[in-house]
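J.:
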Amino acid sequence: MEFEPKLVGFLCKWCSSAGADLAGVSRKSYPPNLVPITVNCSGRIDVNHIVRALKDGADGVLVSGCHPGDCHYTSGNYKTWRRVALLKHVLEDFGMNPDRVRLEWVSATEGEKFARTVEEFTDEIKELGPGPFSNAKE
Amino acid sequence: MAIKPRIGVFICHCGENIAGTVDVSGLAEDIIGYDNVAFSTDYEYMCSDPGQNKIKEAIEEENLTGVVVAACSPSMHEETFRGAVEDVGLNRYQCEIANIREQCSWVHGEDGDKPTEKALKIIKGVVEKVKRNVSMEPVEREHADKCLVIGGGIAGIQAALDVAEAGNEVILVEKEPTIGGHMAQLSETFPTLDCSQCILTPKMVELNQHPNIELLAYSEVKEISGYVGNYSAQIERKPTYVDTDACNLCGDCEDVCPVEVTDEFNQGLDTRKAINIPFSQAIPSSYTLDTDACLGLNPLRCSECAEACDADAIDFDQSSEYVEEEFGAVIVATGYDLYPKEEMGEYGYGKYEDVVDGLQFERMLSATGPTGGVVRRPSDGKIPENVVFIQCSGSRDPENHNSYCSKICCMYTAKHAKLYKETVPDGNAYVFYIDIRAGGKDYEEFIQDVQEEDRVLYLKGKVSKLKRVDEKMRVWGLDEIAGERVEIDADLVVLAQSIVPSKGTDETSKKLNLNLGANGFFKEAHPKLRPVESLTGGVFFAGTGQGPKDIPDSVSQGSGAAAKAIDLLSKPTLSHDPQVVEIDEDLCSGCGLCVGQCPYDALEINSRGVAEVNEILCEGCGTCASGCPTNALSLRNLTDEQLTEMIHAHIGD
Chain A
4 MEFEPKLVGF LCKWCSSAGA DLAGVSRKSY PPNLVPITVN CSGRIDVNHI
54 VRALKDGADG VLVSGCHPGD CHYTSGNYKT WRRVALLKHV LEDFGMNPDR
104 VRLEWVSATE GEKFARTVEE FTDEIKELGP GPFSNAKE
Chain B
14 MAIKPRIGVF ICHCGENIAG TVDVSGLAED IIGYDNVAFS TDYEYMCSDP
64 GQNKIKEAIE EENLTGVVVA ACSPSMHEET FRGAVEDVGL NRYQCEIANI
114 REQCSWVHGE DGDKPTEKAL KIIKGVVEKV KRNVSMEPVE REHADKCLVI
164 GGGIAGIQAA LDVAEAGNEV ILVEKEPTIG GHMAQLSETF PTLDCSQCIL
214 TPKMVELNQH PNIELLAYSE VKEISGYVGN YSAQIERKPT YVDTDACNLC
264 GDCEDVCPVE VTDEFNQGLD TRKAINIPFS QAIPSSYTLD TDACLGLNPL
314 RCSECAEACD ADAIDFDQSS EYVEEEFGAV IVATGYDLYP KEEMGEYGYG
364 KYEDVVDGLQ FERMLSATGP TGGVVRRPSD GKIPENVVFI QCSGSRDPEN
414 HNSYCSKICC MYTAKHAKLY KETVPDGNAY VFYIDIRAGG KDYEEFIQDV
464 QEEDRVLYLK GKVSKLKRVD EKMRVWGLDE IAGERVEIDA DLVVLAQSIV
514 PSKGTDETSK KLNLNLGANG FFKEAHPKLR PVESLTGGVF FAGTGQGPKD
564 IPDSVSQGSG AAAKAIDLLS KPTLSHDPQV VEIDEDLCSG CGLCVGQCPY
614 DALEINSRGV AEVNEILCEG CGTCASGCPT NALSLRNLTD EQLTEMIHAH
664 IGD
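Protein chains in written order, with the numbering used here: chain A, 4 to 141; chain B, 14 to 666.
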């Protein structure tokens, strides 16, 4: 059976979750592997949450927030930007492919971009294969 | 001992929208065995009255402590369901939405069982959240009473007047020396052909005289910060170098001024002096000295205007003044510009003098314009015998220019052609068009009148080439209906130039944290149901900054935005979302990292050396909670524990 990765998506409420809603309204289909968690701001995402998802068995984690300069809370996305960049280095040091964590800016008007992002990310993780803690069915 | 949570899960079919893709009754059965889920059911439309009643009954009969409604996006019905649970005494924050429509059934139609599997995970995640939610009560807080209107075109004028009439104080900020916007430049208005200035200027005067309105012209909002009900803004009043109260509009200064520059109000068809007034009914009614054009504001270099002024109104020593004000609501009415010449290679726009845009033609038609209302071509001042109008110049052209329809051009082109034919009855007017869009009240009749009575020739097709041949503009185009090529030697070509958001739109959006749509216009909170609100609380839109509009639509939206602002300002207090950050003082080391991360200055290290949150200022983003090295900070109802368990519900087993 083809490897179906398990993906977690942290979406900020104001831009990316609204963008995902727009993808729905416009029926822009994408693979069902990613399960979304809507948070107030991408800045609410702690690196621990990302690590927790990977340790729980996720094959990839998407963090998606408002475009730089457009954060509903002014600057939460900048904090996320730095945190994710740092985390990627740490993951690499621990021998995990940093591409399993993806940060993307998706605005409320970018339904198409949201669908495309999930599609691309799912394909990329399929290519990478199961993560080190994966509990996805092979 | 804490009460064991009893969660009810209510799964909506949304007709076939969800049930067509997701096995809703299967979900209801599967979720019942899940931890703390005491009740589950599915129903055709949960948002209907019977659907809401099912939730209310179950809360009472099953002693539910929390509710998950698996349905559409929380942006649609979260309020509905929270209101319903409140009706039967459950705290509104014990109800959460699992979005299984927009983010599941609508996007995974072709994936067999997978949408159902994904929906189950989403629901489990939200169950994990709800069972750890705490009950909260909104925090009531005071708000400022004034309304800020940015932009003094017709939309901003209407909004300001309506807000002021309801008894609220208004400050209107306009960056130009006069209010009136583009409407002041127009000759007549479609479809009734009443003179634009005649209907606009009474409104301008009314605004200027209104006791509740303070007009700050030639001013700009430099900085604005805060949140709904409490915005503080710094407004720069640029120096006009003329004492508005003393100026008696005699015009002696203008007569003696030695500097002539391009006249923006006349769209470059004319020149003006460095000291000038855009038009005679300008408000504030005073001259303005344009420092970019002036020889140097220095009596040693030139002081002709000051010497000529009997009223002693000219003051070279003026400088910018800064006004600091608090506002409860903000109305953004920043308007449009024409799609710039620099972006257009076609139709000789910006290259040939006798190719003009719609606003230039308005100025030619205007009795107060540079040609006194007589249509004369710019190159030699001759009255044109053949005029070609080209619609959709820069609009509806996704490959090269703007993909959208500018909405007003079909109507103003028809008006232009009609007015031209009225002044030059023997002249010929040709209109190249893609489609005619005349959806407004009495608009279609107007077009028919122009075609039949005024005998304007409408040619369905695009212009392929335009070139100067001797004294004429030779236009090659296509007449799709006749199926033949057309060649016209025109004396004047008028482009129905696309409209774009005004120059400062981007900057305004950044200052106020507003979203812009793909075409650069302000994005409203909902395209159908919240067309005048932004996603930033207390900020509303009026006019063409939000999208192309004609005058009636701009006025309607101005009144709509005003109604929203009045609604907000009339409330004695505003309730603040209680989802804010809490601090566990036992864990806080007082490092102060959180203080620097907070964009709202809501955190401080108090006298006991630990962090303290100001609940009124905290907007609940949770950025500080994620940055706290000792996990002392926690966002209510989105705690680390909740997120961890949601993740586990999605990924575990």
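Just so you know, even glycine gets a beta-carbon here, dropped at the ideal spot from N, CA and C.
Going by alpha carbons, who is nearest to Gly46 of chain A out of A:Glu113, A:Gly132, A:Tyr81 and A:Phe97?
T.: Measuring from the Cα of Gly46 of chain A, the nearest candidate turns out to be A:Tyr81.
J.: Which two residues bound the contiguous alpha helix (DSSP H) that contains Met377 of chain B?
T.: Element bounds for Met377 of chain B: Gly371 to Leu378.
J.: In angstroms with no decimal places, state the Cα-to-Cα distance between Glu92 of chain B and Pro411 of chain B.
T.: Going from the Cα of Glu92 of chain B to the Cα of Pro411 of chain B covers about 39 Å.
J.: Going by C-alpha to C-alpha distance, which of B:Tyr417, B:Pro612, B:Lys235 and B:Thr384 sits closest to Glu188 of chain B?
T.: First, the amino acid is wrong: residue 188 of chain B is Lys here, not Glu. When each option's Cα is compared against that of Lys188 of chain B, the closest is B:Lys235.
J.: First and last residue of the alpha helix (DSSP H) that includes Asn51 of chain A?
T.: It spans Val50 to Asp59 - the alpha helix (DSSP H) in which Asn51 of chain A sits, taken as one unbroken run.
J.: Measuring only the C-alpha atoms, how far is Pro128 of chain B from Cys423 of chain B?
T.: So the alpha carbons of these two residues sit roughly 46 Å apart.
J.: Pull up the distance between the alpha-carbon of Ser15 of chain A and that of Val120 of chain B, whole angstroms please.
T.: Note that residue 15 of chain A is Cys in the sequence shown, not Ser. Taking the straight line from one Cα to the other gives about 19 Å.
J.: According to DSSP, which residues form a beta bridge with Leu65 of chain A?
T.: According to DSSP, Leu65 of chain A bridges with A:Gly12 and A:Arg105.
J.: Looking at C-beta atoms only, is the number of pairs between the segment 318-326 of chain B and the segment 221-238 of chain B that lie closer than 8 Å three or more?
T.: Short answer: they don't touch.
J.: List the endpoints of the continuous alpha helix (DSSP H) containing Met89 of chain B.
T.: First-last of the alpha helix (DSSP H) with Met89 of chain B: Pro87 to Asp100.
J.: What separation, rounded to the nearest whole angstrom, lies between the Cα atoms of Ile664 of chain B and Pro35 of chain A?
T.: Computed Cα separation, rounded: 13 Å.
J.: Decide if Gln107 of chain B is buried, meaning its Cβ has at least 16 other Cβ atoms within 10 Å, or exposed.
T.: Looking at its Cβ environment, which holds 16 or more other Cβ atoms inside 10 Å, Gln107 of chain B is buried.
J.: Hey, is the segment 134-142 of chain B in contact with the segment 152-162 of chain B, meaning 3+ C-beta pairs nearer than 8 Å?
T.: Too few Cβ pairs lie closer than 8 Å, so no.
J.: Check distances from the C-beta atoms of the segment 650-665 of chain B to those of chain A and list, in chain order, the residues that come in under 8 Å.
T.: If the cut-off is 8 Å between Cβ atoms, the segment 650-665 of chain B has Leu651, Asp653, Leu656, Thr657, Met659, Ile660, His661, His663, Ile664 and Gly665 near chain A.
J.: In three-state DSSP terms, what is Pro591 of chain B?
T.: The answer is coil: DSSP assigns Pro591 of chain B none of H, G, I, E or B.
J.: According to DSSP, what are the bridge partners of Ala503 of chain B?
T.: DSSP output for Ala503 of chain B lists B:Met486 as bridge partner(s).
J.: Could one say the Cβ of Asn100 of chain A lies closer than 8 Å to chain B's Cβ atoms, at least one of them?
T.: With 8 Å as the cut-off, Asn100 of chain A does not count as an interface residue toward chain B.
J.: I need the boundaries of the beta strand (DSSP E) containing Arg285 of chain B, first residue and last residue.
T.: It spans Thr284 to Lys286 - the beta strand (DSSP E) in which Arg285 of chain B sits, taken as one unbroken run.
J.: Determine the chain A residues that contact Gly193 of chain B at a beta-carbon separation under 9 Å, and present them in chain order.
T.: Result: empty, since nearest Cβ-Cβ is about 32 Å, beyond 9 Å.
J.: Roughly how far, in whole angstroms, is the beta-carbon of Asp350 of chain B from the beta-carbon of Tyr362 of chain B, given that I think they are within contact range, below 8 Å?
T.: Their Cβ separation, rounded to whole angstroms, is 14 Å, which puts Asp350 of chain B and Tyr362 of chain B out of contact at 8 Å.
J.: In three-state DSSP terms, what is Cys601 of chain B?
T.: Correct three-state label for Cys601 of chain B: coil.
J.: Which residues in chain A have a C-beta closer than 8 Å to the C-beta of Gln123 of chain B? List them in chain order.
T.: The residue you asked about is not Gln; residue 123 of chain B is Glu in the sequence shown. Chain A residues near Glu123 of chain B: Ser32.
J.: Which same chain residues end up closer than 6 Å to Thr384 of chain B when comparing Cβ atoms and leaving out the 5 residues on each side of it in sequence?
T.: The residues are Met377.
J.: I'd like the list of long-range same chain contacts for Gln404 of chain B, defined as Cβ closer than 6 Å, with 5 residues on each side in sequence excluded.
T.: Cβ within range, chain order: Cys422, Thr426, Tyr446 and Ala509.
J.: For Lys9 of chain A, which residues of its own chain have a beta-carbon under 6 Å away from its beta-carbon, when the five flanking residues on both sides are left out?
T.: Contacts found: Ala61, Asp62 and Ala139.
J.: Can you tell which of B:Leu185, B:Gly605 and B:Ile564 has its C-alpha closest to the C-alpha of Asp207 of chain B?
T.: Checking every option, the nearest Cα to that of Asp207 of chain B belongs to B:Ile564.
J.: Can you give me, in chain order, the residues of the segment 111-122 of chain B that have a beta carbon less than 9 Å from any beta carbon in chain C?
T.: No chain C is part of this structure, whose protein chains are labelled A and B.
J.: Along the chain, where does the alpha helix (DSSP H) that runs through Val37 of chain B open and close?
T.: Where Val37 of chain B is concerned, the enclosing alpha helix (DSSP H) stretches over Val37 to Ile45.
J.: Does the beta carbon of Ala23 of chain A come closer than 8 Å to any beta carbon on chain B?
T.: True, the Cβ-Cβ gap to chain B drops below 8 Å.
J.: Report the residue from B:Ser408, B:Thr205 and B:Ile494 whose alpha carbon sits nearest the alpha carbon of Lys454 of chain B.
T.: Looking at the Cα atoms, B:Thr205 is the closest of the given residues.
J.: Counting only the same chain and skipping the five closest in sequence on each side, list residues whose C-beta sits under 6 Å from that of Ile611 of chain B.
T.: One point to set straight first is that residue 611 of chain B is Cys, not Ile, in the sequence displayed. Answer for Cys611 of chain B: Cys637, listed in chain order.
J.: Counting pairs of Cβ atoms below 8 Å between the segment 622-640 of chain B and the segment 37-45 of chain A, do you hit three or more?
T.: Result yes; three or more Cβ-Cβ pairs closer than 8 Å.
J.: Cα separation between Trp108 of chain A and Gln65 of chain B?
T.: Rounded to the nearest angstrom, the two C-alpha atoms are 36 Å apart.
J.: For Asn64 of chain A and Ile53 of chain A, which I take to be in contact (beta-carbon distance under 8 Å), what is that distance rounded to the nearest angstrom?
T.: One point to set straight first is that residue 64 of chain A is Val, not Asn, in the sequence displayed. Between Ile53 of chain A and Val64 of chain A the Cβ distance is about 5 Å, and since that is below 8 Å, they are a contact.
J.: For Arg55 of chain A, decide whether its Cβ has a neighbour in chain B, counting only Cβ atoms nearer than 8 Å.
T.: Chain B, which has a Cβ nearer than 8 Å to the Cβ of Arg55 of chain A, makes this yes.
J.: Of the residues that make up the segment 626-641 of chain B, which ones have a beta carbon closer than 8 Å to any beta carbon in chain A?
T.: Answer in chain order: Glu632, Gly633, Cys634, Gly635, Thr636, Ala638, Ser639 and Gly640.
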